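Visitor:
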Amino acid sequence: SAVISQKPSRDICQRGTSLTIQCQVDSQVTMMFWYRQQPGQSLTLIATANQGSEATYESGFVIDKFPISRPNLTFSTLTVSNMSPEDSSIYLCSVEAGRTGFGTDTQYFGPGTRLTVL
Amino acid sequence: AQKVTQAQTEISVVEKEDVTLDCVYETRDTTYYLFWYKQPPSGELVFLIRRNSFDEQNEISGRYSWNFQKSTSSFNFTITASQVVDSAVYFCALSEIGSSNTGKLIFGQGTTLQVKP
Numbered sequence: 001s002a003v004i005s006q007k008p009s010r011d012i013c014q015r016g017t018s019l020t021i022q023c024q025v026d027s028q029v030t031m032m033f034w035y036r037q038q039p040g041q042s043l044t045l046i047a048t049a050n051q052g053s054e055a056t057y058e059s060g061f062v063i064d065k066f067p068i069s070r071p072n073l074t075f076s077t078l079t080v081s082n083m084s085p086e087d088s089s090i091y092l093c094s095v096e097a098g099r100t101g102f103g104t105d106t107q108y109f110g111p112g113t114r115l116t117v118l
Numbered sequence: 119a120q121k122v123t124q125a126q127t128e129i130s131v132v133e134k135e136d137v138t139l140d141c142v143y144e145t146r147d148t149t150y151y152l153f154w155y156k157q158p159p160s161g162e163l164v165f166l167i168r169r170n171s172f173d174e175q176n177e178i179s180g181r182y183s184w185n186f187q188k189s190t191s192s193f194n195f196t197i198t199a200s201q202v203v204d205s206a207v208y209f210c211a212l213s214e215i216g217s218s219n220t221g222k223l224i225f226g227q228g229t230t231l232q233v234k235p
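Residue numbers (the numbering used here), protein chains in the order written: chain A, 1 to 118; chain B, 119 to 235.
#1: On the CB-based measure, 16 or more other CB atoms within 10 Å of its CB, does residue 172 of chain B come out buried or exposed?
#2: Whose Cβ in chain B lies nearer than 8 Å to the Cβ of residue 8 of chain A?
#3: Measure from the C-beta of residue 213 of chain B to each C-beta in chain A and report whether the shortest distance is under 9 Å.
#4: Would you call the CB atoms of residue 29 of chain A and residue 74 of chain A closer than 9 Å?
#5: My guess is that residue 25 of chain A and residue 2 of chain A are in contact by the Cβ rule of under 8 Å, so how many angstroms apart are they, rounded?
#6: Which partner residues does residue 206 of chain B have in the DSSP bridge list?
#7: Using a 10 Å radius around the Cβ and a threshold of 16 neighbouring Cβ atoms, would you call residue 12 of chain A buried or exposed?
#8: Do residue 82 of chain A and the ligand SAM come close, with the Cβ less than 8 Å from some heavy atom?
#9: If you measure from the beta carbon of residue 68 of chain A to each beta carbon in chain B, is any gap under 9 Å?
#10: Check whether the Cβ atoms of residue 208 of chain B and residue 155 of chain B lie closer than 9 Å to each other.
#11: Taking Cβ-Cβ distances below 7 Å as the criterion, which residues of the segment 75-93 of chain A are in contact with chain B?
#12: Please list the segments of the beta strand (DSSP E) lying wholly inside the segment 39-69 of chain A, counting only runs of 3 or more residues, in order along the chain.
#13: Can you confirm whether residue 180 of chain B, when its beta carbon is compared against all beta carbons of chain A, has any partner nearer than 9 Å?
#14: Count the CB pairs spanning the segment 57-67 of chain A and the segment 122-137 of chain B that are closer than 8 Å, and state whether there are at least three.
#15: Pop quiz: residue 111 of chain A and residue 161 of chain B are said to be a contact at Cβ under 8 Å. What is the actual Cβ separation, rounded to whole angstroms?
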């Protein structure tokens, strides 16, 4: 498995501002993912971040709103830009522990960042 | 398209009861992984199990057991002798390995389990 930390753990922000969430892993990983969990809802993938390439965004999510950086194999950031109350959610990063010859490995999740936008 | 359905939104049991959480999935891929995660009130997502599409053996881990049936596209999760600490939201998820192999997890809507003392 992997040990994942996120900063901040929670924040309360004003409408129109931006927040950058950090995700740090204790080992080098190829694939990192960012998910959003709106209140009382399931998890939805925002984007996949691979080191050395542009993030791949899912339908309904755009780079201008959720820019992502992946400067190395242990770190990534997600920015929530120009926030509105609808962005109030838990944001979670996850990593694959390692790709096997069979394909996808298990994803382990960080503790999440609880964001409230007023 | 891929889809995971957890029809049970909320389940409430009394401690020591057995409880089964249902999960039904849809996929066109022949190779895929299925997962169960637990999300306690703290919010962190805890990995419980991964099962690949070629392995239909049931698995038991302590009080937890999983029943995978490809014929019905189901991957159900049973907790035996439930405890208050089992109270959480449980998510079933699917990851396609075949043509897409992006690592993307498709989550069900989750089942909230409340175990009363």
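Just so it is clear, CB atoms sit at the ideal spot from N, CA and C, and this is done for glycine as well. Bear in mind that the values here come from a model prediction, so they are computed numbers and not experimental data.
Guide: Quick answer:
#1: exposed
#2: Correct list: empty, because the minimum Cβ distance to chain B is about 13 Å.
#3: yes
#4: yes
#5: 5 Å
#6: Answer is B:231, bridged to residue 206 of chain B.
#7: exposed
#8: As presented, the structure is devoid of all ligands, the ligand SAM included, so that no description of it is given.
#9: no
#10: yes
#11: 90, 92
#12: 43-50
#13: no
#14: Output reads no: the segment 122-137 of chain B does not touch the segment 57-67 of chain A.
#15: 7 Å
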